[in-house]
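Undergrad:
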Amino acid sequence: MAKGDELVKYITQRVVHYMDTPKDERKERRAQSKRKEPWSMKWFGMIPFAVSLWVGQKESSMKSKHRKHRSSNKREHT
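Heads up, the sequence shown is in our numbering, so the first residue is 734 and it goes up one at a time.
1. Taking the alpha-carbon positions, what's the M795 to A764 distance?
2. Using the Cα positions of I780 and P771, report the straight-line distance between them to the nearest angstrom.
3. Using DSSP with H/G/I as helix, E/B as strand and the rest coil, what is T745?
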């Protein structure tokens, strides 16, 4: 039962601390965390970004090829 009591105590402390901090300070802390760079960028630099761009270009070219193929098939059937 001691672990349950410790958990309740910890959660209560966190809630009280949250309620005691001014609203402006909480907003500022939230804004700072949003401005922080993503962990993938911090650890791997531009590589994840470059890969996502490359994959996106491949997907868009595949979709356009698929559309062209479908439109040519419709012309043949009519």
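Each residue gets a CB set at the ideal place from its N, CA and C atoms; glycine is no exception.
Computed from a predicted model, the values in this text were never measured in an experiment.
TA: Short version:
1. The residue given as residue 795 occupies position 62 in the sequence shown. The residue given as residue 764 occupies position 31 in the sequence shown. Straight-line Cα distance between these residues: approximately 38 angstroms.
2. Residue numbering aside, residue 780 sits at position 47 when the sequence shown is read from its first letter. Residue numbering aside, residue 771 sits at position 38 when the sequence shown is read from its first letter. One C-alpha to the other measures close to 13 angstroms.
3. Counted from its first residue, the sequence shown places residue 745 at position 12. DSSP places T745 in helix when its eight states are reduced to three.
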